[in-house]
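The numbering of the sequence shown is this note's numbering, which starts it at 31 and goes up by one.
Using N, Cα and C, we set each Cβ at its ideal position, and we do this for glycine too.
Inspection log for the structure reproduced underneath, given as structure tokens.
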Amino acid sequence: ETAGRVSDRARYAPVLVIANDEHRFVVAEQLRDQGLSNARIVLEPVGRNTAPAAAVAALLIGEDDPDGVMLLLPSDHVIGDTAAFQKAVDQAEALARDGMLVTFGVQPSHPSTEYGYIKRGEGLGNGGACFRVDRFVEKPDAATAAGYVESGEYAWNSGMFVFPVRQFLAELEAVNPAMLAACRKAVAGRGADLDFIRLDAAAFAESPSDSIDYAVMEKTDSAAVVTADFRWNDVGAWNALWDLADKDEAGNALIGDVVAEDVAGCYLRNEDGGVVAAVGLRDLCIVATGDAVFVAPRARASEVKALVERLAS
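See below:
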């Protein structure tokens, strides 16, 4: 779906995907399904968060178009209104061509504690949709999130960006030259493997790991935000899948071999060979796979990351 949003060749250059090596064939198949046979797939030998991935993309795009503008989209976002998305992209592109580093701020539908927030600053025109960024704030507690939403001054930080390639690289070099140097080496030493581009593994591993927000956006004086007037969901947690899923009359999303009695507001997913049976539950997330079972209140389902880190240590 993400690739399909930018498949219009009249609007967009060929897609460039940064992906983990393990996902290469799935990515290639999905791009073919969207008719994007001319897409480039760059394989990361190790994960280094979003800033190095963006740097690699900017370096590759800059080889052909050093004054180009790039749109960075995480692959796991669901967007409900394609026309509104394209309008926001056009607004962001105009700002980027004026030298701004642009992010999309989603108008909050509720006081979420699962997203970071952006406080809007000075207006930049475009019908009141474009602003300078006053500040970025981390995922708040429930009371703080409620205050943000009530104030009307904050948007959810979507993690989608539009950057002028040359300026993004210049700003990254100013704040994290080691990261950019490692990415330059990785791109310079790249090789072809069938339909894939493999970065120089040793060089890329030298890059510090950091997000675009921390590495660049929180440090630049040129950050802007476009208010995104479309339904958006960052499918980064089980609770987000519950929000998107078809539900029964009690608000349950039941996937796989599941039996539920007196259950409401739950996400029950069974990918195992047995049966998941539940009774008397409210607002829980239960996911059963072949080798693990995850149980949590839906509101805390995003904390699975902490469990994964403990299990991996």
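Is the CB-CB distance between residue i and residue j below 7 Å?
i, j, result
"Val288", "Asn300", "yes"
"Val179", "Pro141", "yes"
"Asn344", "Ala176", "Only positions 31 to 343 of the chain appear in the structure, and residue 344 is not among them; the question remains open."
"Gly153", "Asp164", "no"
"Val136", "Ala258", "yes"
"Ala126", "Val192", "yes"
"Gly110", "Arg228", "no"
"Gln121", "Cys160", "yes"
"Ala81", "Ile48", "no"
Straight-line CA distance for residue i to residue j?
i, j, result
"Gly310", "Asp225", "51 Å"
"Ala308", "Val255", "44 Å"
"Glu333", "Arg340", "12 Å"
"Val293", "Ile316", "12 Å"
"Leu73", "Met190", "20 Å"
"Leu337", "Leu199", "35 Å"
"Phe234", "Arg214", "9 Å"
"Asp302", "Arg312", "22 Å"
"Ile91", "Leu46", "9 Å"
"Asn269", "Glu144", "10 Å"
"Asp321", "Ala342", "14 Å"
Where DSSP assigns a beta bridge to residue i, which residues make up the other side?
i, result
"Trp186", "Val136 and Tyr147"
"Ala253", "Leu131"
Quick one: give me the first and last residue of the alpha helix (DSSP H) that residue i is part of.
i, result
"Asp273", "Trp268 to Leu274"
"Pro82", "Thr80 to Asp94"
"Leu210", "Pro207 to Ala218"
"Gly34", "Thr32 to Arg35"
"Tyr178", "Ala172 to Ser181"
"Pro323", "Note that residue 323 is Val in the sequence shown, not Pro. Counting along the chain, Val323 falls outside any alpha helix (DSSP H), though it belongs to the beta strand (DSSP E) covering Val323 to Pro327."
"Phe55", "Arg54 to Asp63"
"Ala232", "Ala231 to Ala235"
Specify, as a first and last residue, the run of the beta strand (DSSP E) that residue i falls within.
i, result
"Arg165", "Cys160 to Val167"
"Glu291", "Val288 to Glu291"
"Ala283", "Ala283 to Ile285"
"Leu341", "Not the beta strand (DSSP E): Leu341 falls in the alpha helix (DSSP H), residues Val334 to Ala342."
"Ala307", "Val306 to Val309"
"Cys315", "Leu314 to Ala318"
"Tyr42", "Run containing Tyr42: none; DSSP gives neither H nor E here."
"Val72", "Arg70 to Glu74"
"Asp264", "Trp262 to Asp264"
"Met100", "Val99 to Leu102"
"Leu246", "For the sequence presented, residue 246 should be read as Val rather than Leu. It is not in any beta strand (DSSP E) - Val246 carries neither H nor E in the DSSP assignment."
"Arg330", "Here Arg330 belongs to no beta strand (DSSP E), and DSSP marks it neither H nor E."
Taking only beta-carbon positions, decide if residue i is within less than 7 Å of chain C.
i, result
"Asn206", "The displayed structure is made up of one protein chain only, and chain C is not part of it."
* Check whether the segment 107-117 touches the segment 238-246, taking contact to mean three or more Cβ pairs, one atom from each stretch, closer than 8 Å. => Short answer: they don't touch.
* Specify whether the segment 198-215 and the segment 51-59 touch according to this definition: at least 3 beta carbon pairs, one from each stretch, less than 8 Å apart. => no
* **Contact the segment 214-223 vs the segment 126-143: 3+ CB pairs below 8 Å** => no
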